[in-house]
Each structure stands twice: as structure tokens, then as C-alpha cells.
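Participant: Per UniProt numbering, residue 1 is the first one in the sequence shown, and the count goes up by one each step.
Glycine is no exception: its CB is placed at the ideal position from the N, C-alpha and C atoms.
Quick caveat: nothing in here was measured; it's all calculated off a predicted structure.
Once you've had a glance at the structure underneath, I'll fire off some questions.
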Amino acid sequence: MRVKKLPMILVLHLKRFKYMEQLHRYTKLSYLVVFPLELWLLNISSDAVNLDHMYDLVAVIFHGGGGPNHGDYITIVKSHGFWLLFDNIVEKIDVQAIEEFYGLTSDISKNSESGYILFHQSRE
């Protein structure tokens, strides 16, 4: 497949669930995935309109809970230069708070919510 023109909004879906044969169900993959605020795509195709392209992270959907059939979905959205957290209520958050949603590490005191779907907007 060749990509000649990149979209204005690029959506990346992180695999956060895996079917476990021995359990006969899906389980959540909460491993740490660091997603940057800027995404630079280099030389996507030799016949592409723009060889290099910059995207900015503008929204993320997170999942909290142990499996796809239970838990909570929350969203953060960048609007007018501010990051907003949508979780039953809307509140303004600092950009550094996004790091809390990368996934779990050995630090069990962190949020269980993990980045699930990333929305990036083209700078061009």
C-alpha cells in the first residue's frame, strides 16, 4: 500500500486488549506506551506530495479497568491551547498530566487508565 497524501486527522489505535485462550476472554494490556505531543512522519513514500509531515496530538481516548466489557472510557482534548479532561465532568489539566495515562509501570500508585486511541492533527 502506498500513501500519496496524508490525512488532516491521523488516528492511531493502540492494541490494549488481547484474547487469552486459557482464560477464554479478553484481557487488558496495560503496558507503558509513551506517545509524544508531536508526531513527525518522515519520507512516507517516494511519490508522496509531502515527504515529511508534522502532526500534533489533539485528543486521546483512555480506558480504565481490567477488560473491554467493564471499566471507564475518558477523553482529553486540546482546545484553544488548553487540555481538557472529560470524565463525567470537564476540567482543565496541565500538559504534564498526560504522562499519567501512558500505561502502567512498576509504580502501582499510577492511574490504571491507558491511552487507547490517539488523534493527531496535521500542521499543514
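Buried or exposed, going by whether 16 or more other CB atoms sit within 10 Å of the CB of H120?
Facilitator: When all chains shown are included, H120 counts as buried.
Participant: Could I get the ranges of all uninterrupted beta strand (DSSP E) runs contained in the UniProt domain "USP" (1 to 123), with 3 residues as the minimum, in chain order?
Facilitator: Segments of the beta strand (DSSP E) lying fully in the UniProt domain "USP" (1 to 123): 9 to 13, 17 to 20, 25 to 28, 38 to 41, 53 to 67, 70 to 79, 82 to 87, 89 to 93 and 114 to 122.
Participant: Going by alpha carbons, who is nearest to I98 out of L12, V33, I9 and H13?
Facilitator: The shortest Cα separation from I98 among L12, V33, I9 and H13 belongs to V33.
Participant: Label W83 either buried or exposed according to how many other C-beta atoms from any shown protein chain fall within 10 Å of its C-beta, with 16 as the threshold for buried.
Facilitator: The residue in question, W83, is buried, as its Cβ has 16 or more Cβ neighbours within 10 Å.
Participant: Would you mind sorting V60 into buried or exposed? The rule is 16 or more other CB atoms within 10 Å of its CB.
Facilitator: Under this definition V60 is a buried residue.
Participant: Taking the alpha-carbon positions, what's the G71 to H63 distance?
Facilitator: Straight-line Cα distance between these residues: approximately 7 Å.
Participant: Leaving out five residues before and five after I117 in sequence, what residues of the same chain have Cβ atoms less than 6 Å from its Cβ?
Facilitator: Here the set comprises H13 and I61.
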